[in-house]
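> The numbers in the sequence shown follow the UniProt record's numbering, run straight up by one, and end at 380.
Have a look at this one.
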Amino acid sequence: MAAALHTPTLPDSLLLNGREFRYADIQKYPAQAPKDLNGYEARVLDFCRQWLNGTLEFGLRTSGSTGQPQSLTMKRQQLTASARRTGDYFDLGPGDRMLVCLNCEYVGGIMMLVRGFERNMHLTIVEPHADPLALLPQGAEFDFASFVPLQLRAVLEAGHAPRLNRMKGILVGGAAVEKSLEKEIQKLKVPVYLTYGMTETASHIALRRLNGPDVQTTYHVLPGIEVAQDARGCLTVRADVTDNQLITTNDRIQLLDAHTFEWLGRADFVINSGGVKVQAEKVEQVLEVALTELGQGRRAFVAGRPDVRLGEQVTAFLEGTKLTHAQQEHLRTLLSQRLSKYEVPRDFVYVPQFRTTASGKLDRLNTVRSLTAAPSTGGR
1 MAAALHTPTL
11 PDSLLLNGRE
21 FRYADIQKYP
31 AQAPKDLNGY
41 EARVLDFCRQ
51 WLNGTLEFGL
61 RTSGSTGQPQ
71 SLTMKRQQLT
81 ASARRTGDYF
91 DLGPGDRMLV
101 CLNCEYVGGI
111 MMLVRGFERN
121 MHLTIVEPHA
131 DPLALLPQGA
141 EFDFASFVPL
151 QLRAVLEAGH
161 APRLNRMKGI
171 LVGGAAVEKS
181 LEKEIQKLKV
191 PVYLTYGMTE
201 TASHIALRRL
211 NGPDVQTTYH
221 VLPGIEVAQD
231 ARGCLTVRAD
241 VTDNQLITTN
251 DRIQLLDAHT
261 FEWLGRADFV
271 INSGGVKVQA
281 EKVEQVLEVA
291 LTELGQGRRA
301 FVAGRPDVRL
311 GEQVTAFLEG
321 TKLTHAQQEH
331 LRTLLSQRLS
341 KYEVPRDFVY
351 VPQFRTTASG
361 KLDRLNTVRS
371 LTAAPSTGGR
């Protein structure tokens, strides 16, 4: 007798902060909702209500990490097109289990919900937390998840690698992945991908493998996405996820072919210092490695500060307490050995805690603005 085929159990409910909500009740939200919902739970259920009831347009907010937050209207077909590509790429299907721990008020979390609904996956949603697995039973297993770097670092430090390794794939995005975290990711067996995308493209349109034998140094564009460069060398995107409108980004890239590019940095993060253009992200990568070598692993970023003579001076912003004079001079020496004289930060500014956006991204603009009147330290 032939073995019976396994038929996956299709979900008719989801878990939100440990409570089960049936789809039939969500469609009637808020009439069928418990009275003790917190604000985040209420907003998540409201989006789910709209999706399950077939709403055709959705209001999304940009994170504001590189400028002022904006409101956008996205069509349902754009979101479903994005979900289809991710589902196809990772072979996500009915009955698979998805952990949703990104902020569902922004595109990263919203698209996790859409992928789950479109692929008939079991959704477990938890409010954003540094270690989302700490909020769940130890026996809870998942096939797919997406983290911001801070979360993935916390999950690995808490010893959850075995649970991750039983997944089909993991996305990480929303911020740069530090070199020290990349080293930890190399130890994972589950495929981990760094994402490239934005609200305007309904989440990621390209992926870069961070571990395993197929590790990549460049981004690979998903099928059906058309990319090019404008006169500034910045990426442009056109596809069904953009409603076939041309999206022009401020991301400087090197386009290697029609499906592959290297990300160089933000055009608006270029520092014009005495007529020499310095790409902030390049300096940040070297700064991060140097700090790690000094045993001073911490968040840091580079930006331009007004300077009477240079126009802008390259400045390093370090989170936490001030380094000793000897440590700072050692750091300066390491940077001088690895960067051109124009790229080496002329000043170090210490910030007790960086500002972040509501979606958890580093808010460079407001961090710098908060220090406008503050004296710098360690200049030369």
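We treat Cβ as the ideally placed atom computed from N, Cα and C, and that holds for glycine.
Here the structure is a predicted model, which is why all the values come from computation and not from measurement.
1. Are the CB atoms of residue 384 and L371 nearer to each other than 8 Å?
2. Leaving out the 5 sequence neighbours to the left and right, which residues in its chain are closer than 7 Å to R364 when beta-carbon positions are compared?
3. Is K75 helix, strand or coil when you go by DSSP?
4. For a cutoff of 8 Å on Cβ pairs, would you count A303 as touching chain C?
5. What residue range does the beta strand (DSSP E) around S273 cover?
6. Measuring straight from C-alpha to C-alpha, what distance separates E41 and F21?
7. Give me whichever residues DSSP pairs with A358 in a beta bridge.
8. Relative to the C-alpha of K28, which candidate in R43, Q50, G18, G360 has its C-alpha closest?
9. I'd like to check one pair, F261 with Y219: are the Cβ atoms closer than 8 Å?
10. When burial is assigned at 16 or more other CB atoms within 10 Å of the CB, is N244 buried or exposed?
11. Given that a residue counts as buried once 16 or more other Cβ atoms are within 10 Å of its Cβ, and exposed if not, what is D36?
12. In chain order, what residues of the same chain lie with their CB nearer than 6 Å to the CB of Q229, ignoring the 5 residues before and after it?
13. For a test of the three-state rule: what should DSSP assign to A42, helix, strand or coil?
14. Could you please give me the residues that DSSP links to residue 394 through a beta bridge?
15. Quick one: Cα of A3 to Cα of Q353, how far?
16. What residue range is occupied by the uninterrupted alpha helix (DSSP H) comprising Y23?
17. Checking the sheet assignment: what are the DSSP bridge partners for E20?
18. Taking all protein chains shown into account, decide if R305 is buried (16 or more other Cβ within 10 angstroms of its Cβ) or exposed.
19. Identify the continuous alpha helix (DSSP H) that holds K282 and give its terminal residues.
20. Note down the Cα distance separating R232 from R252, rounded to an integer number of angstroms.
21. Between the beta-carbon of residue 408 and the beta-carbon of G297, is there less than 8 Å?
22. Can you tell me the Cα-Cα spacing of K168 and D91, whole angstroms?
23. Evaluate E249 with the Cβ neighbour count: other Cβ atoms within 10 Å of its Cβ, from every protein chain shown; 16 or more gives buried, anything less gives exposed.
24. So what does DSSP say about Q151, is it helix, strand or coil?
25. Put L331 into one of helix, strand or coil per three-state DSSP.
26. For the putative contact between Q151 and C101, defined by C-beta atoms under 8 Å, what is the C-beta separation to the nearest angstrom?
27. According to the neighbour-count rule (16 or more other Cβ atoms, all chains shown, within 10 Å of its Cβ), is K361 buried or exposed?
28. Rounded to whole angstroms, what is the Cα-Cα separation between G174 and P149?
29. In angstroms with no decimal places, state the Cα-to-Cα distance between V155 and K179.
30. Determine the closest residue to R115 out of H129, L135, D143, L136, with distance taken between C-alpha atoms.
31. So what does DSSP say about S370, is it helix, strand or coil?
32. Okay, do the region 341-356 and the region 314-325 touch, 3+ Cβ pairs below 8 Å being the bar?
33. Do R209 and V193 come within 8 Å of each other at the CB atom, strictly closer than that value?
34. In chain order, what residues of the same chain have a beta carbon less than 7 Å from the beta carbon of T9, not counting five sequence neighbours either side?
35. Is the beta carbon of L171 within less than 7 Å of some heavy atom of the ligand FMN?
36. Spatial neighbours of V215 within its chain, please: C-beta separation below 7 Å, excluding the five flanking residues on both sides.
Reading from the atomic positions:
1. Any question about residue 384 goes unanswered here, given that the chain covers just 1 to 380.
2. By the criterion of a C-beta distance shorter than 7 Å, R364 is surrounded in its chain by F301, A303, once the five residues flanking it on both sides are discounted.
3. The DSSP-derived three-state label of K75 is strand.
4. Considering every chain present, this structure includes no chain C. It has just one protein chain.
5. That run of the beta strand (DSSP E) goes 270-273.
6. Distance between the alpha carbons of E41 and F21: 11 Å.
7. Its beta-bridge partners do not exist; DSSP assigns none.
8. Among R43, Q50, G18, G360, the Cα nearest to that of K28 belongs to Q50.
9. Closer than 8 Å, so yes.
10. Looking at its Cβ environment, which holds fewer than 16 other Cβ atoms inside 10 Å, N244 is exposed.
11. D36 counts as exposed, since fewer than 16 other C-beta atoms from the protein chains shown sit within 10 angstroms of its C-beta.
12. Closer than 6 Å at Cβ, skipping near neighbours: L255.
13. The three-state secondary structure of A42, taken from DSSP, is helix.
14. The requested residue 394 is not part of the displayed model; the chain covers only 1 to 380.
15. Any answer about A3 is weak, because its pLDDT of 43 lies below 50 and its placement is not dependable; what the coordinates show is given next. Looking at the two C-alpha atoms, the distance is approximately 60 Å.
16. Its alpha helix (DSSP H) spans residues 23-26.
17. Paired residue(s): L15.
18. Buried.
19. Note, K282: alpha helix (DSSP H), 280-293.
20. Distance from the CA atom of R232 to the CA atom of R252, rounded to whole angstroms, is 8 Å.
21. Here the chain comprises residues numbered 1 to 380, so residue 408 is not present and cannot be evaluated.
22. Those two C-alpha atoms are separated by around 8 Å.
23. One point to set straight first is that residue 249 is Thr, not Glu, in the sequence displayed. By the neighbour-count criterion, in which 16 or more other beta carbons inside 10 Å mark a residue as buried, T249 falls on the buried side.
24. Helix.
25. Assignment of L331 by DSSP, reduced to helix, strand and coil, places it in the helix class.
26. Their Cβ separation, rounded to whole angstroms, is 7 Å, which keeps Q151 and C101 in contact under 8 Å.
27. That one is buried.
28. Cα atoms of G174 and P149: separation of roughly 8 Å, rounded to the nearest angstrom.
29. Answer to the nearest angstrom: the Cα atoms are 17 Å apart.
30. By alpha-carbon distance to R115, the top candidate from H129, L135, D143, L136 is D143.
31. It is coil, neither helix nor strand.
32. Between the region 341-356 and the region 314-325 there are three or more inter-stretch CB-CB distances shorter than 8 Å, so the stretches are counted as touching.
33. Inspection of the sequence shows that residue 193 is occupied by Tyr rather than by Val. Yes, the pair counts as a contact, with Cβ atoms nearer than the cut-off.
34. Scanning its chain for C-beta atoms nearer than 7 Å, with the 5 sequence neighbours on each side dropped, one finds around T9 the residues G95, in chain order.
35. Within the structure as shown, the ligand FMN is missing, as the structure has no ligands at all.
36. If we look at V215 and ignore the five residues flanking it on each side, its Cβ neighbours are R209.
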